[in-house]
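In the UniProt record's numbering, the protein residues as written are 1 to 126. We put the CB at the ideal spot given by N, CA and C, even for glycine.
This is the structure in structure tokens:
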């Protein structure tokens, strides 16, 4: 039976751990993590970004995270903690599941940009 977007999101939420904004802020403050922003470029231009985050639009993720692909970004390391966020958390969950399927072992959904900024995560304005 075909899966719906609701089914896919439920599966992703069941496998990708999630941190509350305050927990995410503390984890980011500890360093050593890759904060991955998978929003579209227009979203970044409108709101800014988490300071020091890597922007990889959701549609490019598989190419940037695959070491065998010419578009690979070496910021992706299989055992490095990756904290994924989007605008509200749904795309971050789906992206996190994709990264897990690609062999990334420490992927966490940290939810949405606005909530992270309100929790005190430093933001770079557009």
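Item: Please state whether DSSP places residue 18 in a helix, a strand or coil.; Value: strand
Item: Quick check on DSSP: helix, strand or coil for residue 109?; Value: strand
Item: The alpha helix (DSSP H) spanning residue 71 covers which residue range?; Value: Here residue 71 belongs to no alpha helix (DSSP H), and DSSP marks it neither H nor E.
Item: Can you tell me the Cα-Cα spacing of residue 140 and residue 114, whole angstroms?; Value: Residue 140 is absent from the structure shown; the chain starts at 1 and stops at 126.
Item: Kindly indicate which residue of 92, 48 and 2 has the alpha-carbon position closest to the one of residue 121.; Value: 48
Item: One question on the structure: do residue 88 and residue 54 come within less than 8 Å of each other, judged by their Cβ atoms?; Value: no
Item: Considering Cα atoms alone, identify which of 50, 13 and 9 is closest to residue 126.; Value: 50
Item: DSSP state of residue 91, grouped into three classes?; Value: helix
Item: Verify whether the separation of the beta carbon atoms of residue 16 and residue 97 is less than 8 Å.; Value: yes
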